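Mapping of the sequence shown onto UniProt numbering: position 145 corresponds to residue 145, and the numbering continues sequentially without gaps.
Backbone N, C-alpha and C fix where the C-beta goes; we use that ideal spot for every residue, glycine too.
Keep in mind it's a predicted model, so treat the numbers as computed, not measured.
Let me begin by presenting the structure, written as structure tokens, before commenting on it.
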Amino acid sequence: MSTHTGATGLIPLAGRGRGLAPLVHPEIEPFWSSIAAGELSLQRCGGCRTLRFPVAPVCHSCLSPEFAWEAIDTRGSVNVVVENARPTEGMPRIGLEPPWLELTPYLTGAVDLDCGLRLPGRIVCDCGAARSPGTRVRGVSLETTSTTRVHGFAHACVVGPFE
Ligand SMILES: [Zn+2]
Ligand SMILES: [Zn+2]
Numbered sequence: 001m002s003t004h005t006g007a008t009g010l011i012p013l014a015g016r017g018r019g020l021a022p023l024v025h026p027e028i029e030p031f032w033s034s035i036a037a038g039e040l041s042l043q044r045c046g047g048c049r050t051l052r053f054p055v056a057p058v059c060h061s062c063l064s065p066e067f068a069w070e071a072i073d074t075r076g077s078v079n080v081v082v083e084n085a086r087p088t089e090g091m092p093r094i095g096l097e098p099p100w101l102e103l104t105p106y107l108t109g110a111v112d113l114d115c116g117l118r119l120p121g122r123i124v125c126d127c128g129a130a131r132s133p134g135t136r137v138r139g140v141s142l143e144t145t146s147t148t149r150v151h152g153f154a155h156a157c158v159v160g161p162f163e
């Protein structure tokens, strides 16, 4: 476990399985290094102030190429959850390939952040509450098959109270 910064940043989790390593493009390296540093930084448009996601070379709202990286508040509410279940013995595998297969069962979904963005990610919850839309979660960082961490979300049953 590394240290995390900021009450609203990303809490590093360990022992939750390693998802596929992301492709780290040089243009958005600050996004990945912010996750390593315990924050989730996105682009704030220099033209219209829109907070951009997905990360992109130009603003989807005003087409400005100007932006500054900004660490966001990672707290939000579950919008939708998908449970990636363990394949039934003897049944053909559909969709999930390594390393995801080894992580089953696990939750992925979309979270409506308090800052107004909807972000995808794994959702870590041991009690089952996060299967329900509206459940409060906050950002975490998760291990991958490389040294690069990815963002995800976790329920209070995993990371403790955060509101
Ligand atoms: Zn803009
Ligand atoms: Zn939970």
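| Item | Value |
| --- | --- |
| Identified DSSP bridge partners for Thr144 | Gly19 |
| For Val140 and Gly15, the rounded distance between their alpha carbons | 13 Å |
| Length of the line joining the Cα atoms of Ile28 and Asp112 | 22 Å |
| Ile35 - containing beta strand (DSSP E), residue span | Careful: Ile35 lies outside any beta strand (DSSP E), inside the alpha helix (DSSP H) at Glu29 to Ala36. |
| Sub-8 Å separation of Ile76 and Glu39 beta-carbons | Here residue 76 turns out to be Gly, not Ile, going by the sequence shown. Contact flag unset, no. |
| Among Pro105, Val55, Pro30 and Gly47, nearest to Pro120 - alpha-carbon criterion | Val55 |
| Option nearest Thr30 by Cα separation, candidates Leu23, Leu20 and Ser41 | Here residue 30 turns out to be Pro, not Thr, going by the sequence shown. Among Leu23, Leu20 and Ser41, the Cα nearest to that of Pro30 belongs to Ser41. |
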